[in-house]
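K.L.:
Structure provided below as structure tokens; questions to follow.
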Amino acid sequence: MSETSKMVKSDIEIAQDALLKPIGEIAAQLGLDENDWEPYGRYKAKVSANTLNKMSDYPEGKVILVTSINPTPAGEGKSTVTVGLGQALNKINRKAVIALREPSLGPTMGVKGGAAGGGYAQVVPMEDINLHFTGDFHAITTAHNALAAFLDNHIHQGNALNIDPRRIVWKRVLDLNDRALRHVIVGLGGVANGVPREDGFDITVASEIMAILCLSENLDDLKTRLGSMLIAYTYERKPVFVRDLNVEGALTLLLKDAIHPNLVQTLENTPAFVHGGPFANIAHGCNSVLATKMGAKLGDYVITEAGFGADLGAEKFLDITTRAGHFKPSTVVIVATIRALKMHGGMTKDELKHEDIDALAHGMENLACHIDTIKSFGLPYVVAINHFIFDTDREVAYVENWCRAHNHPVALANVWEHGGEGGKELAQLVVDTIENQENHFKPLYKLTDSIEEKIQTVVTKVYGGKAVDYSSKAKKQIKAFIKNGWDQFPVCIAKTQYSLSDNPKLLGRPKDFTIHVRELKVAVGAGFIVVMTGNVLTMPGLPKHPAALNMDIDQNGKVIGLF
Numbered sequence: 007m008s009e010t011s012k013m014v015k016s017d018i019e020i021a022q023d024a025l026l027k028p029i030g031e032i033a034a035q036l037g038l039d040e041n042d043w044e045p046y047g048r049y050k051a052k053v054s055a056n057t058l059n060k061m062s063d064y065p066e067g068k069v070i071l072v073t074s075i076n077p078t079p080a081g082e083g084k085s086t087v088t089v090g091l092g093q094a095l096n097k098i099n100r101k102a103v104i105a106l107r108e109p110s111l112g113p114t115m116g117v118k119g120g121a122a123g124g125g126y127a128q129v130v131p132m133e134d135i136n137l138h139f140t141g142d143f144h145a146i147t148t149a150h151n152a153l154a155a156f157l158d159n160h161i162h163q164g165n166a167l168n169i170d171p172r173r174i175v176w177k178r179v180l181d182l183n184d185r186a187l188r189h190v191i192v193g194l195g196g197v198a199n200g201v202p203r204e205d206g207f208d209i210t211v212a213s214e215i216m217a218i219l220c221l222s223e224n225l226d227d228l229k230t231r232l233g234s235m236l237i238a239y240t241y242e243r244k245p246v247f248v249r250d251l252n253v254e255g256a257l258t259l260l261l262k263d264a265i266h267p268n269l270v271q272t273l274e275n276t277p278a279f280v281h282g283g284p285f286a287n288i289a290h291g292c293n294s295v296l297a298t299k300m301g302a303k304l305g306d307y308v309i310t311e312a313g314f315g316a317d318l319g320a321e322k323f324l325d326i327t328t329r330a331g332h333f334k335p336s337t338v339v340i341v342a343t344i345r346a347l348k349m350h351g352g353m354t355k356d357e358l359k360h361e362d363i364d365a366l367a368h369g370m371e372n373l374a375c376h377i378d379t380i381k382s383f384g385l386p387y388v389v390a391i392n393h394f395i396f397d398t399d400r401e402v403a404y405v406e407n408w409c410r411a412h413n414h415p416v417a418l419a420n421v422w423e424h425g426g427e428g429g430k431e432l433a434q435l436v437v438d439t440i441e442n443q444e445n446h447f448k449p450l451y452k453l454t455d456s457i458e459e460k461i462q463t464v465v466t467k468v469y470g471g472k473a474v475d476y477s478s479k480a481k482k483q484i485k486a487f488i489k490n491g492w493d494q495f496p497v498c499i500a501k502t503q504y505s506l507s508d509n510p511k512l513l514g515r516p517k518d519f520t521i522h523v524r525e526l527k528v529a530v531g532a533g534f535i536v537v538m539t540g541n542v543l544t545m546p547g548l549p550k551h552p553a554a555l556n557m558d559i560d561q562n563g564k565v566i567g568l569f
């Protein structure tokens, strides 16, 4: 298809032309009654987390995980395929529900723009979902910063817990990219304004409270996890937890609405839960356990997406989220785009409209690595080629032939242009794979393995690296974690999304590299250890030309340029 052969609408234009059903009709499609949900306007609702209790005897639907190759600036369209697959399953008479993360304002206003799918495979209302939605992120931000205020106030009011201000590990957060807030000084201005100390901000999606909300099974579990969060150490280097401040009840109160999954719909009126939003490069990268489990109870299939490539979101979903949620995925869809494969093969973004089979061939090694990762978990899988309008027939045929030559199930997904209809081949292949392929799923490592063994396992079996180098700070932290009994947690490795290594410039499938661990952070409430590698940042910065420069609203309230 040529660049001028048809006028292509933007995602937001497509979304604004959609005919949405009132949210009550979407809830009724799922068999929910009016006591199960609360409307947030005409097209959004909160479904009570307590609804899961009454569904305990319902059969479990199949959990389908959507992941991808390492992303590039060319884009993968993982959310688009997730939405399109859900629509396509309904097209072939399977009852499907979608479970996605909520977009963060950081990338929405920064590099990425909107994050609710694309083309004719979107969740809507996309303007609301991409902006403030139902206020979940604001609740998490408020709870996180309230804890910071309680902590500083405790020190100011006499410091009964003997907290060492130099060893406070609880920062503040903001749901925006703001590099100027990475390192700050608080408490300036004299005795009345607190104790001066170094502090900093992370982005809200990196907050442990975000991870806890997404891993909690109910309100009691949420409160217990919040109380277990590590916030500081005493002068004697003993850990201090939220429960020591006795504020876990107040934090839970601030999150009482946020814990309930959000129900919306796709352009084709397929039910979709959009709930929680930890990034996969700096956190565990999956939507809430509650939303996924609710989708599995209410549909024959629930399609959920994990952030970035299989080296990040999928690994964390399979090693962390499935343990917390006590469920087993049925299959994995690995999304690959010809554009991204060509970039992994050496092409630049400006060259991608040109056919290049040689670059494509070299880029297939990245896809091969992610397939090997999913196979190492014992899971059946399907490769989905997310079609873009500039992909040539020869390029598509090359990827299909490569997959078939290596016995990898593959289907072309044209959901961006044709919605569910363009994903029927993929949907049928997914169903056939679930029904006919053996599933031997198990996490990659045991919780009883040492911290170093867990990290080494992920580095060698998932990234394809050779060794791990620890800073002196990281080595000391590992000893402290062992002493405090935190070594039994899974690891959540914070790493660049662009490469299998910790160097974002090493594309394709690099080999024999070393991962550099600079520090570790324990998230006791979430139940994992964050392993910081390379130069990955927990508070991103804005690019030279933020996506916000293209955004506006007209006098009638119509949103412009969101995506």
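Numbering (our numbering) for the sequence shown: 7 to 569. Built from N, CA and C at the ideal position, the CB exists for glycine as well. Computed from a prediction, not measured in an experiment: that's the story for all the values here.
To the nearest angstrom, how far is it from the Cα of Gly-471 to the Cα of His-522?
P.N.:
So the alpha carbons of these two residues sit roughly 11 Å apart.
K.L.:
Which class does Gln-271 belong to by DSSP, given the choice of helix, strand or coil?
P.N.:
Strand, per DSSP.
K.L.:
Hey, how far is the Cα of Leu-324 from the Cα of Cys-498?
P.N.:
Rounded to whole angstroms, Leu-324 to Cys-498 spans 11 Å at the Cα level.
K.L.:
Thinking C-beta only, is Phe-207 closer than 8 Å to Lys-177?
P.N.:
A contact, by the Cβ cut-off of 8 Å.
K.L.:
Distance cutoff 8 Å, beta carbons only. Does Arg-410 sit that close to anything in chain C?
P.N.:
The chain inventory of the structure shown lacks chain C, comprising one protein chain alone.
K.L.:
Using only the alpha-carbon positions, how far apart do Thr-240 and Pro-171 sit?
P.N.:
For Thr-240 and Pro-171, the distance between alpha carbons rounds to 8 Å.
K.L.:
Mind checking whether Asn-287 and Val-465 have CB atoms under 8 Å apart?
P.N.:
No.
K.L.:
Should Asp-23 go down as buried or exposed, given a rule of 16 or more other Cβ atoms within 10 Å for buried?
P.N.:
Exposed.
K.L.:
Contact check, Arg-188 vs Met-545 under 8 Å by CB: the rounded distance?
P.N.:
That belief holds up - the Cβ atoms of Arg-188 and Met-545 are roughly 5 Å apart, short of 8 Å.
K.L.:
If the criterion is Cβ atoms closer than 8 Å, does the pair Gly-83 and Trp-492 meet it?
P.N.:
Going by C-beta atoms, Gly-83 is not nearer than 8 Å to Trp-492.
K.L.:
Among residues of its own chain, excluding the 5 on either side of Leu-225, which ones have a beta-carbon nearer than 8 Å to its beta-carbon?
P.N.:
These residues qualify, in order along the chain: Ala-55, Thr-258, Lys-262, Ile-265.
K.L.:
With burial defined as no fewer than 16 other Cβ atoms inside 10 Å of the residue's Cβ, what is the status of Met-557: buried or exposed?
P.N.:
Met-557 should be labelled buried.
K.L.:
Got a sec? Which residues, its chain only, sit under 6 Å from His-253 by beta carbon, not counting five neighbours each side?
P.N.:
The sequence as given places Val at residue 253; His does not occur at that position. Around Val-253: Phe-156.
K.L.:
According to DSSP, is Arg-329 helix, strand or coil?
P.N.:
Helix at Arg-329.
K.L.:
Going along the chain, which residues of its own chain have a beta-carbon closer than 7 Å to the beta-carbon of Asp-134, five neighbours each way excluded?
P.N.:
Taken in chain order, the residues that qualify are Lys-50.
K.L.:
In angstroms, rounded to a whole number, what distance separates the CA positions of Arg-100 and Leu-91?
P.N.:
The straight-line gap from Cα to Cα measures roughly 11 Å.
K.L.:
Could you spell out the range, first to last residue, of the beta strand (DSSP E) harbouring Glu-423?
P.N.:
No beta strand (DSSP E) holds Glu-423; the alpha helix (DSSP H) holding it covers 421 to 424.
K.L.:
List the endpoints of the continuous beta strand (DSSP E) containing Glu-311.
P.N.:
Where Glu-311 is concerned, the enclosing beta strand (DSSP E) stretches over 307 to 311.
K.L.:
Could you give the C-beta distance for Val-103 and Gly-283, rounded to a whole number, given that I count them as a contact under 8 Å?
P.N.:
Going by Cβ atoms, the distance from Val-103 to Gly-283 rounds to 18 Å, so no, they are not a contact pair.
K.L.:
Sort Ala-390, Phe-143, Gly-124 by Cα distance to Ile-344 and report the nearest one.
P.N.:
Selected option, being the one with the closest Cα: Ala-390.
K.L.:
Count the other CB atoms, across all protein chains shown, that sit within 10 Å of the CB of Asn-392; report buried if there are 16 or more and exposed otherwise.
P.N.:
Its Cβ being crowded by 16 or more others within 10 Å, Asn-392 is buried.
K.L.:
In three-state DSSP terms, what is Pro-79?
P.N.:
Coil.
K.L.:
Does DSSP classify Ile-18 as helix, strand or coil?
P.N.:
Helix at Ile-18.
K.L.:
From Leu-180 to Thr-147, what distance separates their C-alpha atoms?
P.N.:
Using only the alpha carbons, I get a separation of about 6 Å.
K.L.:
DSSP three-state label for Ile-440, please.
P.N.:
It is helical.
K.L.:
In this structure, what does DSSP give as the bridge partners for Val-528?
P.N.:
For Val-528, which the question treats as bridged, DSSP gives the partners Ile-535.
K.L.:
Indicate whether Thr-78 and Ala-127 have their beta-carbon atoms separated by less than 8 Å.
P.N.:
For Thr-78 and Ala-127, no; Cβs fall outside 8 Å.
K.L.:
Given 8 Å as the limit, is there contact between the region 505 to 523 and the region 470 to 490, that is, 3 or more CB pairs closer than that?
P.N.:
Enough Cβ pairs lie closer than 8 Å, so yes.
K.L.:
Could you give the distance in angstroms between the alpha-carbon of Lys-15 and the alpha-carbon of Ala-21?
P.N.:
Approximately 10 Å, taken between the alpha carbons.
K.L.:
Can you name the start and end residues of the alpha helix (DSSP H) that Cys-409 belongs to?
P.N.:
Here the alpha helix (DSSP H) through Cys-409 covers 399 to 411.
K.L.:
Once you ignore the five residues that flank Gly-369 on each side, which residues in its own chain have a CB closer than 6 Å to its CB?
P.N.:
Around Gly-369: Leu-347, Lys-348, His-350, Gly-351.
K.L.:
State whether the region 188 to 199 contacts the region 212 to 230, with contact taken as three or more CB pairs (one from each stretch) at a distance under 8 Å.
P.N.:
Contact fails: fewer than three Cβ-Cβ distances are below 8 Å.
K.L.:
What's the gap between the Cα of Gly-426 and the Cα of Pro-449?
P.N.:
Each residue's Cα considered, the two are about 32 Å apart.
K.L.:
Of the residues Gly-567, Met-353, Glu-19, Gly-291, which one's Cα is nearest the Cα of Thr-328?
P.N.:
Among Gly-567, Met-353, Glu-19, Gly-291, the Cα nearest to that of Thr-328 is on Gly-291.
K.L.:
What's the C-alpha gap between Ile-572 and Tyr-64?
P.N.:
What the structure shows of the chain is the stretch from 7 to 569, and residue 572 is not part of that stretch, so it cannot be assessed.
K.L.:
CB Leu-304 to CB Gly-124, shorter than 8 Å?
P.N.:
Going by C-beta atoms, Leu-304 is not nearer than 8 Å to Gly-124.
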